[in-house]
Amino acid sequence: MAVDLLLKNGKTVIGDKTATQSVAINAGKIEGIYKIGSEPASREVIECENLYILPGAIDTHVHLRDLKLSEKEDFATGTMAAAAGGVTTVVDMPNSDPPTLSRADLDEKIAEAQAKRFVNIGFYAGVPKKPSDFDHEMVPDILGAKVYPHSPLVKRVSYTKPRMEACLKISAEYGFPLLIHPDASSPSAMPESLDEYFHLHSCENEVESLRRFLDAQNKVGGRIHVCHVSCASTVRLVEEHRAEESLTAEACPHHLFLSGDGFENIDGTAKILPPLRSPYDASSLWDAIRRCTIDIVVSDHAPHTEQEKHLPFLEAASGIPGLETTVPLLLTEVLQGRLSWVEYLRCCCSAPARIFGLNDKGVLARGYDADIMIVSVEESGISGESFVSKAKITPLEGRRIVARPVKTIVGGVLVYDEGKFVVGRGVAGRVPVRKT
Ligand code: DOR
Ligand code: ZN
Ligand code: ZN
Numbered sequence: 007m008a009v010d011l012l013l014k015n016g017k018t019v020i021g022d023k024t025a026t027q028s029v030a031i032n033a034g035k036i037e038g039i040y041k042i043g044s045e046p047a048s049r050e051v052i053e054c055e056n057l058y059i060l061p062g063a064i065d066t067h068v069h070l071r072d073l074k075l076s077e078k079e080d081f082a083t084g085t086m087a088a089a090a091g092g093v094t095t096v097v098d099m100p101n102s103d104p105p106t107l108s109r110a111d112l113d114e115k116i117a118e119a120q121a122k123r124f125v126n127i128g129f130y131a132g133v134p135k136k137p138s139d140f141d142h143e144m145v146p147d148i149l150g151a152k153v154y155p156h157s158p159l160v161k162r163v164s165y166t167k168p169r170m171e172a173c174l175k176i177s178a179e180y181g182f183p184l185l186i187h188p189d190a191s192s193p194s195a196m197p198e199s200l201d202e203y204f205h206l207h208s209c210e211n212e213v214e215s216l217r218r219f220l221d222a223q224n225k226v227g228g229r230i231h232v233c234h235v236s237c238a239s240t241v242r243l244v245e246e247h248r249a250e251e252s253l254t255a256e257a258c259p260h261h262l263f264l265s266g267d268g269f270e271n272i273d274g275t276a277k278i279l280p281p282l283r284s285p286y287d288a289s290s291l292w293d294a295i296r297r298c299t300i301d302i303v304v305s306d307h308a309p310h311t312e313q314e315k316h317l318p319f320l321e322a323a324s325g326i327p328g329l330e331t332t333v334p335l336l337l338t339e340v341l342q343g344r345l346s347w348v349e350y351l352r353c354c355c356s357a358p359a360r361i362f363g364l365n366d367k368g369v370l371a372r373g374y375d376a377d378i379m380i381v382s383v384e385e386s387g388i389s390g391e392s393f394v395s396k397a398k399i400t401p402l403e404g405r406r407i408v409a410r411p412v413k414t415i416v417g418g419v420l421v422y423d424e425g426k427f428v429v430g431r432g433v434a435g436r437v438p439v440r441k442t
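For the sequence shown, our numbering assigns the number 7 to the initial residue and increments by one for each residue that follows.
Next comes the structure, spelled out in structure tokens:
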């Protein structure tokens, strides 16, 4: 019997070696990987000569905005940016407007996302001011809960001991990770100078807040996933406590690729939280990836409008787009010999699937979901103007990359083809992505 689609004569990666093979897709799943000449008959064929066939990336830290913040991004533009960047699954953060704090909030997001999706979308919930008000009805449709020290998400809360313990108890009860934004700065502090700003969001504060969460975990259990680790000292603390299930951690491309002084002097282009750190911190993050102390690399795609970014640093909004640059940047490291295929595939595909329970995703093998990107090796420069995302200002502007996703397939459906979207909104992708 003929399969639905054959990706023919592409370069696949086995361990740290590449081979020329074909990938067959049927009913949204990978049917098999075949030697040239032994492929099954197929209703459609995509010729992939000289192109890589890789699992689509799973980006588990994305702010898709929409609803009352749709001038920054919406589920259509955010998931189109994902597809253009080789990302086939995104997980949306709860610090939206309205924030994701109840089943009704989540249902509103799911309905919008279903109508506008181009890739798979999963969700995290926030934890309300009173953790005992956590809406348990959300549990089947979320992949974890995210907590911030203080944010518009839940007004006037900080990481007090009882709150940390209560949040971890929720994680322990349901077995999903508690994603923490590690920062111990005071909720009322409004920095008036750059010095104050960097003091407020220092590495000492990052590591101290993780230490307190680890103490709380020691008492009540639960799973911690540390978001956007940015400091060498935090890497060391994670390394001491790292455990397959109970402590996992992520790093972001901006902290890996950008470091040093000067970024704060222009405007808000490079303003993000946690802030950019020193070259020493960045190189410690790369080492941590190699040692598996850092499990995954995520974009922390946090779009804002041009007006909000083009302001003096202290007044500008925090957050940068990343969905269209994460995969090309990391593949550039692989193709130039600084990162192995095994490390890349773990950080961007298989480890995020494992941590968040997406058991049918993240691997290019028979029986897995047919979420695939096809990549061309060619040199170009990062150009914010060409982003599909509404957010087009990036501190990575002009950086050279040598890999470009040219086709993106989601659940067996070709979504993105050479700069064009070949299906409409709401056709491809599962929403919400659930644990499998
Ligand atoms: O820079 C940031 N922007 N850090 C965060 O933690 C939140 C994010 C946002 O939502 O804009
Ligand atoms: Zn965060
Ligand atoms: Zn974030």
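Where is the CB? At the ideal position from N, CA and C, for every residue including glycine.
Nearest to P309 by C-alpha distance, out of G390, F140 and G343, is G390. CA-to-CA, the gap between P438 and E114 works out to about 12 Å. Taking all protein chains shown into account, P137 has 16 or more neighbouring C-beta atoms within 10 Å of its C-beta and is therefore buried. Put simply, the region 41 to 59 does not touch the region 351 to 363. Fewer than three CB pairs are less than 8 Å apart. The Cβ-Cβ distance between H207 and V153 does not fall below 8 Å. The shortest CA-to-CA distance from V68 to any of G328, I361 and E256 is the one to G328. The three-state reading of DSSP puts R229 in strand, counting E and B together.
Out of V433, N101, R436 and V412, the CA that lies nearest to the CA of G425 is found in V412. In the three-state reduction of the DSSP assignment, I302 falls in the strand class. Taking C-beta atoms as the reference points, A257 and I295 count as a pair closer than 8 Å. When the Cα atoms are used, R218 and C233 turn out to be separated by approximately 15 Å. Taking all protein chains shown into account, R410 has 16 or more neighbouring C-beta atoms within 10 Å of its C-beta and is therefore buried. Nearest to I176 by C-alpha distance, out of A63, K396 and H142, is H142.
Counting only heavy atoms of ligand 1, the residues whose C-beta sits closer than 6 Å to one of them are, along the chain, H69, N101, H187, I278, L279, A308, S324 and G325.
In the structure shown, E50 adopts extended strand secondary structure according to DSSP, grouped into three states. Under the rule that a run must span 3 or more residues, the beta strand (DSSP E) segments found entirely inside the region 399 to 437 read 406 to 416 and 419 to 423.
A residue is called buried once 16 or more other Cβ atoms fall within 10 Å of its Cβ, and T442, having fewer, is exposed. When only Cα atoms are considered, S215 and S199 end up about 23 Å apart.
Straight across, the Cα-Cα distance linking D72 with E79 is about 6 Å. Only residues of its own chain outside the window of five on either side were considered, and among them L70 have a CB closer than 6 Å to the CB of G84, listed in chain order.
Residue pairing by DSSP places V29 opposite L13 and I39 in a beta bridge. Residue state for Y58 is assigned as strand, using DSSP reduced to three classes.
Contact between the region 390 to 403 and the region 275 to 287 is present: three or more C-beta pairs spanning the two stretches fall below 8 Å. Under the three-state reduction of DSSP, H69 is assigned to coil, being neither helix nor strand.
For secondary structure counted as the alpha helix (DSSP H) over 4 or more consecutive residues, the region 290 to 360 holds these complete runs in sequence order: 312 to 315, 332 to 341 and 347 to 351. With fewer than three CB-CB distances shorter than 8 Å, the region 284 to 291 does not count as touching the region 321 to 341. Beta bridge pairing from DSSP links P183 with R229. In the DSSP annotation of this structure, the continuous segment of the beta strand (DSSP E) that includes S382 starts and ends at I378 to G387. Here the distance from the Cβ of C54 to the nearest heavy atom of ligand 2 is not below 7 Å. Within a 10 Å sphere around the beta-carbon of E53 sit fewer than 16 other beta-carbons, which makes this residue exposed. Annotation: A190 to I64 spans about 29 Å, alpha carbon to alpha carbon.
Separation of E251 and L291 (C-alpha to C-alpha, rounded to the nearest whole angstrom) is 20 Å.
Listed in chain order, the non-local C-beta contacts of Y58 below 6 Å within the same chain comprise K17 and V381, local neighbours out to five positions each way being set aside.
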